[in-house]
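Chemist: Take the sequence shown: its letter number 95 is residue 95 in my numbering, and every next letter is one higher. Glycine residues also receive a C-beta, built at the ideal position from the N, C-alpha and C atoms. Owing to the predicted nature of the structure, the values given are computational and were not obtained by experimental measurement. Dropping the structure in here first, questions after.
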Amino acid sequence: MDFKELAQAVMTGNRRALARAITMVENAHPEIDKLVSFLQSWNSRSWVIGITGPPGAGKSSLVDRLAVAYTHKGRRVAILAVDPSSPFSGGAILGDQLRMEKAREAGIFIRSMASRGRTGGVAPAVEDTLVLLSAAGYDVIILETVGAGQSEVAVRAIAHTVLVTTVPGLGDGIQAIKAGVMEIGDIYVVNKADLGGADLAASAIMELMGVKNRANGWETPIVQVSAYSGIGIDQLVEDLDDHYRFLEAGDYFEQYRRKVIEEQLVNFVCGEVIQRLRQLPGNLFELTVKRVQEGQENFSTAVQFLLQYLGGDENARS
Ligand SMILES: Nc1nc2c(ncn2[C@@H]2O[C@H](COP(=O)(O)OP(=O)(O)O)[C@@H](O)[C@H]2O)c(=O)[nH]1
Ligand SMILES: [Mg+2]
């Protein structure tokens with residue numbers, strides 16, 4: 001199957017094709033650039049909800065609840081669970097799969113990802129996968145990431161709406177929400193409210209948030225829920241819907257889409273340029289590297305030298 005056939009199959013909602021395409025992203029398959037750039041233009045208006053927080057906070061259990069809730073509201077939901085800390089699909093991902101039983105029973109598309117993609121980073125692989133899910137027609141994509149340093153920041157750049165999750169009783173209630181993470185949440189969730197102490201944790205978050213910048217007009221809610229019993233889930237869905245409307249009113253979806261397209265274009269252009277330079281006759285690229293190494297040329301002159309060989313692609317416009 002060539003990439004166009006695969007792309008068509010993804011767009012018709014064929015799950016096996018989608019799963020296969022995501023595997024191609026994970027393996028940095030040589031055709032993945034073509035597939036993603038072909039599907040990018042079909043990028044629909046999927047809403048990406050990112051959920052981050054420490055391991056064990058109940059993110060997967062919460063994802064299960066939310067996915068089912070939105071499915072009941074008639075939305076097409078997909079789940080993507082990303083664990084950059086576990087390169088070989090370890091226990092965390094098995095845990096995710098166990099915790100998402102209701103979503104599975106409801107026939108929701110669930111995918112775990114642990115590996116890096118095309119450009120080496122986790123974020124581009126996730127972005128590529130979001131393009132695929134979006135092209136497959138999912139309205140709501142729920143993205144679970146473990147809060148592990150970099151990944152919270154990455155999820156902020158990738159998701160439209162970010163839920164930061166914590167649980168009561170972690171030290172003074174919010175040990176798990178470290179500096180830096182406080183800024184990224186659109187909604188804060190204190191999960192495991194059934195265990196007690198959620199009020200304390202919520203007011204600790206409120207205090208920490210104090211001067212959080214609300215210049216854009218969004219009042220960040222703190223919701224107490226129990227993914228276990230279902231308490232607070234309706235409220236959380238209401239707050240999520242509020243945020244969706246807020247984003248829509250502020251034209252944020254279009255801005256986001258533009259940003260993603262720009263980033264991907266940059267990635268593709270860089271990839272294409274490097275590939276062409278490496279294919280120049282007479283090993284010109286390697287010879288240039290060598291001349292710079294030997295001090296016969298500096299970076300700036302080397303770049304100018306190489307760029308003059310980048311004529312247009314004679315196939316591009318035909
Ligand atoms: N008591 C209680 N336990 C919960 C709740 N949500 C999740 N858990 C439990 O917390 C553990 C971790 O849940 P999981 O969803 O895998 O957390 P994740 O690592 O953040 O994805 C599991 O044993 C869950 O059953 C909750 O609301 N209340
Ligand atoms: Mg999990």
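1) Can the beta-carbon of A227 be found closer than 7 Å to that of S61?
2) If you compare alpha carbons, which of R20, R45, A202 and Q40 is closest to F268?
3) Could you tell me whether the Cβ atoms of V162 and G50 are closer together than 7 Å?
4) How should E5 be labelled, buried or exposed, when 16 other C-beta atoms within 10 angstroms of its C-beta is the threshold for buried?
5) Would you list the one or two residues that DSSP bridges to T23?
6) Just tell me which of K102, A106, E105 and A125 has its CA closest to the CA of A112.
7) Would you mind giving the Cβ-Cβ distance between F253 and R45, rounded to the nearest angstrom? I have them listed as a contact below 8 Å.
8) For the alpha helix (DSSP H) containing G271, list its first residue and its last residue.
9) Measure the CB-CB distance between Q224 and A198 and report whether it falls below 7 Å.
10) Which residues does DSSP list as the beta-bridge partners of S112?
11) Apart from the five residues just before and just after F38, which ones in its own chain have a Cβ nearer than 8 Å to its Cβ?
12) Taking DSSP as the reference, what is the three-state secondary structure of T220?
13) Classify E105 as helix, strand or coil using the three-state DSSP reduction.
Modeler: Well, looking at it:
1) As a first step, residue 227 must be located in the sequence shown, where it is residue number 227. As a first step, residue 61 must be located in the sequence shown, where it is residue number 61. Yes, these two residues count as a Cβ contact at 7 Å.
2) Position 268 of the sequence shown holds residue 268. Out of R20, R45, A202 and Q40, the CA that lies nearest to the CA of F268 is found in Q40.
3) Taking the sequence shown and counting its residues from 1, the one referred to as residue 162 is at position 162. Taking the sequence shown and counting its residues from 1, the one referred to as residue 50 is at position 50. Taking C-beta atoms as the reference points, V162 and G50 count as a pair closer than 7 Å.
4) Stepping through the sequence shown from its first residue, residue 5 is reached at position 5. Flag for E5 reads exposed.
5) Here residue 23 refers to the residue found at position 23 when the sequence shown is read from its first residue. Beta-bridge analysis with DSSP links T23 to no other residue.
6) Here residue 112 refers to the residue found at position 112 when the sequence shown is read from its first residue. Sequence check: residue 112 is Ser here, not Ala. Comparing Cα positions, the closest option is A125.
7) Along the sequence shown, read from residue 1 onward, the residue named residue 253 stands at position 253. Along the sequence shown, read from residue 1 onward, the residue named residue 45 stands at position 45. In this structure F253 touches R45 by the C-beta definition: roughly 6 Å separates them, less than 8 Å.
8) For the purposes of this step, residue 271 is taken as residue 271 along the sequence shown, with counting starting at 1. Counting along the chain, the alpha helix (DSSP H) containing G271 begins and ends at Y252 to R278.
9) Within the sequence shown, residue 224 is the residue found at index 224, counting from 1. Within the sequence shown, residue 198 is the residue found at index 198, counting from 1. At the C-beta level, Q224 and A198 come within 7 Å of one another.
10) Position 112 of the sequence shown, counted from the first residue, corresponds to residue 112. Looking at the DSSP assignment, S112 forms a beta bridge with A81.
11) The residue given as residue 38 occupies position 38 in the sequence shown. F3, K4 and A7.
12) For the purposes of this step, residue 220 is taken as the residue at position 220 of the sequence shown. DSSP places T220 outside both helix and strand once states are collapsed to three, so it counts as coil.
13) Residue 105 sits at position 105 when you count from the first residue of the sequence shown. Here E105 sits in helix by DSSP.
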